[in-house]
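Enquirer: Residue numbers (full-length UniProt numbering), protein chains in the order written: chain A, 1 to 166; chain B, 1 to 166.
From the three backbone atoms N, C-alpha and C, an ideal C-beta is built for every residue, glycine too.
Since the structure is predicted, the reported quantities are computational estimates derived from the model, not experimental observations.
Below you will find the structure I want to go over with you.
Number of protein chains: 2
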Amino acid sequence: MSGTRLDPIDRKILAELQADGRMTNVELARRVGISAPPCLRRVRTLEEAGYIKGYHADVDARELGFEVQVFAMVGLQSQAEADLVTFENRCRAWPLVRECHMLNGEVDFILKCVAPDLSTFQSFLTEDLLRAENVASVKTSLVIRGAKDDPGVPFEVLEERMMRTA
Amino acid sequence: MSGTRLDPIDRKILAELQADGRMTNVELARRVGISAPPCLRRVRTLEEAGYIKGYHADVDARELGFEVQVFAMVGLQSQAEADLVTFENRCRAWPLVRECHMLNGEVDFILKCVAPDLSTFQSFLTEDLLRAENVASVKTSLVIRGAKDDPGVPFEVLEERMMRTA
DNA sequence: CGTGAAACCGTCGCCCC
DNA sequence: GGGGCGACGGTTTCACG
């Protein structure tokens, strides 16, 4: 199922829906050059095959009152698989942690956090994150301003690469 | 317009659309407890006021062939505003760079990058990023595995905070 | 993959509170 | 001001060729 290769129309569909997830199916069909029914069938197939994981409204965090965004680099004491999983599950349970990625190099995890204000984040940092077992070190960096925040993947790069390997 | 406070129904709408951006308006109206027309009016207002910046399909990067994800910490030589803006604009033009945030602390920017493979990323790193003027240092960390990647903001935290300040 | 038909939905005007 | 009711046009989603 995951081995199913995509044709150019499928990739165009994904690119269009990544750019505008609420596009109507008829508009999508028009843009990719087929009629509506097969277009919808393709979308359903892409969803079921996992290429499309979901659709989300992109909300303005600052306007909603989330004025603080922080990247936290976390080092653990033990990197045993069970301990890594324990920490990951803890991150999944913390609403302020939006992303958690395991890294190579000196630091073990990078966390992207959002909070309404600094004191809310400080509380989380000192009472939850730093107090969690197995956490050895945490370095935090406040986001002064966001310069770019594009969703998803650059399909342009894929197309380029398709040509090179074709 | 940005001073417009949101009532509980608006926040519920935003939370629902963040969770499922393709929800039909009638379903959305049912969930927030009003009828369809006023619900649609609210959605349009939220869009125009900038609370909703867009809708995007969440595509599976790995299944699509983007197997490399990297965080890059960038230090600049000059932090003069004009030089910061120049670097930010350069990031906006690089498709492999999906996010660019200016940070406090030792490092100036954090970049989240995606690439089809390591060699594509290495080419970008050595030929574009490291060669860009004003770039003093770049530390990269490969994402070994992703543990959490939730879109948007935690509305639960907002509701909690509303109660505290009410 | 395309065509046609039926059910549903987005959208508007109007009335009500 | 916002919410509900009804109707039109467009869309989704079938079955079928």
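1) Can the beta-carbon of residue 40 of chain A be found closer than 8 angstroms to that of residue 14 of chain A?
2) Just how far apart, CA to CA, sit residue 54 of chain A and residue 25 of chain B?
3) What would DSSP say about residue 232 of chain A, mapped onto helix, strand or coil?
4) So which of B/20, B/64, B/69 and B/160 has the shortest CA-CA distance to residue 115 of chain A?
5) Taking Cβ positions only, does residue 102 of chain A come closer than 8 angstroms to chain B?
6) When DSSP labels each residue in this structure, what does residue 69 of chain B get in the three-state scheme?
7) Under three-state DSSP, which class holds residue 76 of chain A?
8) Assess contact between the stretch 69–85 of chain B and the stretch 77–89 of chain A, defined as three or more Cβ pairs (one per stretch) separated by less than 8 angstroms. Is contact present?
9) Taking 8 angstroms as the cut-off, decide whether the C-beta atoms of residue 64 of chain A and residue 158 of chain B are in contact.
10) Beta carbons nearer than 7 angstroms to chain A: which residues of the stretch 73–90 of chain B have them?
11) For the pair the stretch 30–38 of chain A and the stretch 27–41 of chain B, tell me if three or more CB-CB distances fall below 8 angstroms.
12) Going straight from the alpha carbon of residue 101 of chain A to that of residue 42 of chain B, what length do you get?
13) Tell me which same chain residues have a C-beta within less than 7 angstroms of the C-beta of residue 60 of chain A, skipping the five on either side of it?
14) Using only CA atoms, which one of A/12, A/74 and A/77 lies nearest to residue 52 of chain A?
15) Between the Cα of residue 22 of chain B and those of A/44, A/38 and A/7, spot the shortest distance and give me the residue it belongs to.
16) DSSP three-state call for residue 62 of chain B: helix, strand or coil?
17) Whole-angstrom Cβ separation of residue 72 of chain A and residue 111 of chain A, contact assumed at under 8 angstroms?
18) What runs of the alpha helix (DSSP H), each 4 residues or longer, lie entirely inside the UniProt domain "HTH asnC-type" (6–67) of chain A?
19) Report yes or no: is there a C-beta of chain B within less than 8 angstroms of the C-beta of residue 12 of chain A?
20) Tell me the residue span of the beta strand (DSSP E) that contains residue 103 of chain B.
21) Count the other C-beta atoms from every protein chain shown that fall within 10 angstroms of the C-beta of residue 99 of chain A, then say buried if there are 16 or more, exposed otherwise.
22) To the nearest angstrom, report how far apart residue 153 of chain A and residue 86 of chain B are at their CA atoms.
23) Beta carbons nearer than 7 angstroms to chain B: which residues of the stretch 139–165 of chain A have them?
24) Restricting to Cα atoms, I'd like to know which of A/148, A/10 and A/163 is closest to residue 95 of chain B.
25) With DSSP run on the structure shown, which of helix, strand or coil describes residue 142 of chain B?
26) Can you check whether the C-beta of residue 33 of chain B is within less than 8 angstroms of a C-beta belonging to chain A?
27) Could you check the C-alpha separation between residue 20 of chain B and residue 7 of chain B for me, to the nearest Å?
28) What's the call for residue 117 of chain A, buried or exposed, on a 16-neighbour Cβ count within 10 Å?
29) Smallest Cα separation from residue 139 of chain B: which of A/68, A/69, A/155 and A/104?
Expert: Straight from the coordinates:
1) Position 40 of the first sequence, counted from the first residue, corresponds to residue 40 of chain A. Position 14 of the first sequence, counted from the first residue, corresponds to residue 14 of chain A. No, the Cβ-Cβ distance between residue 40 of chain A and residue 14 of chain A is not below 8 angstroms.
2) In the first sequence, residue 54 of chain A corresponds to position 54, counting from 1. In the second sequence, residue 25 of chain B corresponds to position 25, counting from 1. For residue 54 of chain A and residue 25 of chain B, the distance between alpha carbons rounds to 17 angstroms.
3) With chain A represented from 1 up to 166, any question about residue 232 of chain A goes unanswered, as that position is not in the structure.
4) Walking along the first sequence from the start, residue 115 of chain A turns up at place 115. Among B/20, B/64, B/69 and B/160, the Cα nearest to that of residue 115 of chain A is on B/160.
5) Locating residue 102 of chain A in the first sequence gives position 102, counting from the first residue. Interface residue, yes.
6) Taking the second sequence and counting its residues from 1, the one referred to as residue 69 of chain B is at position 69. Strand.
7) Mapped onto the first sequence, residue 76 of chain A falls at position 76. Residue 76 of chain A falls in the strand class under three-state DSSP.
8) no
9) As a position in the first sequence, residue 64 of chain A is number 64, starting the count at 1. As a position in the second sequence, residue 158 of chain B is number 158, starting the count at 1. In contact: residue 64 of chain A and residue 158 of chain B (Cβ atoms closer than 8 angstroms).
10) 88
11) no
12) Taking the first sequence and counting its residues from 1, one reaches residue 101 of chain A at position 101. Taking the second sequence and counting its residues from 1, one reaches residue 42 of chain B at position 42. Going from the Cα of residue 101 of chain A to the Cα of residue 42 of chain B covers about 36 angstroms.
13) Within the first sequence, numbered from 1, the residue matching residue 60 of chain A stands at position 60. The answer is none, since no qualifying residue turns up.
14) Reading the first sequence from its first residue, position 52 is the one you call residue 52 of chain A. Answer by Cα proximity: A/12.
15) Here residue 22 of chain B refers to the residue found at position 22 of the second sequence. When each option's Cα is compared against that of residue 22 of chain B, the closest is A/44.
16) As a working mapping, residue 62 of chain B is identified with position 62 in the second sequence. Reduced to three states, the DSSP call for residue 62 of chain B is coil.
17) Taking the first residue of the first sequence as 1, we reach residue 72 of chain A at position 72. Taking the first residue of the first sequence as 1, we reach residue 111 of chain A at position 111. So it is a contact: roughly 4 angstroms between Cβ atoms.
18) 8–19, 25–32 and 36–48
19) Numbered from its first residue, the first sequence carries residue 12 of chain A at position 12. No, residue 12 of chain A lies away from the interface with chain B (no Cβ there is under 8 angstroms from its Cβ).
20) Residue numbering aside, residue 103 of chain B sits at position 103 when the second sequence is read from its first letter. Here the beta strand (DSSP E) through residue 103 of chain B covers 97–103.
21) Indexing the first sequence from 1 puts residue 99 of chain A at position 99. So residue 99 of chain A counts as buried.
22) Indexing the first sequence from 1 puts residue 153 of chain A at position 153. Indexing the second sequence from 1 puts residue 86 of chain B at position 86. Their Cα atoms are separated by approximately 23 angstroms.
23) 141, 142, 143, 144, 145, 146, 147, 148, 149, 150, 151, 152, 153, 154, 156, 157, 158 and 161
24) Locating residue 95 of chain B in the second sequence gives position 95, counting from the first residue. Checking every option, the nearest Cα to that of residue 95 of chain B belongs to A/148.
25) Taking the first residue of the second sequence as 1, we reach residue 142 of chain B at position 142. Residue state, collapsed to three classes: strand.
26) As a position in the second sequence, residue 33 of chain B is number 33, starting the count at 1. No - not a single Cβ of chain A is within 8 angstroms of the one on residue 33 of chain B.
27) Position 20 of the second sequence, counting from 1, holds the residue named residue 20 of chain B. Position 7 of the second sequence, counting from 1, holds the residue named residue 7 of chain B. Residue 20 of chain B and residue 7 of chain B: Cα-Cα distance of roughly 20 angstroms.
28) Within the first sequence, the letter at position 117 stands for residue 117 of chain A. Answer is exposed; the Cβ neighbour count stays below 16.
29) Mapped onto the second sequence, residue 139 of chain B falls at position 139. The candidate whose alpha carbon is nearest that of residue 139 of chain B is A/104.
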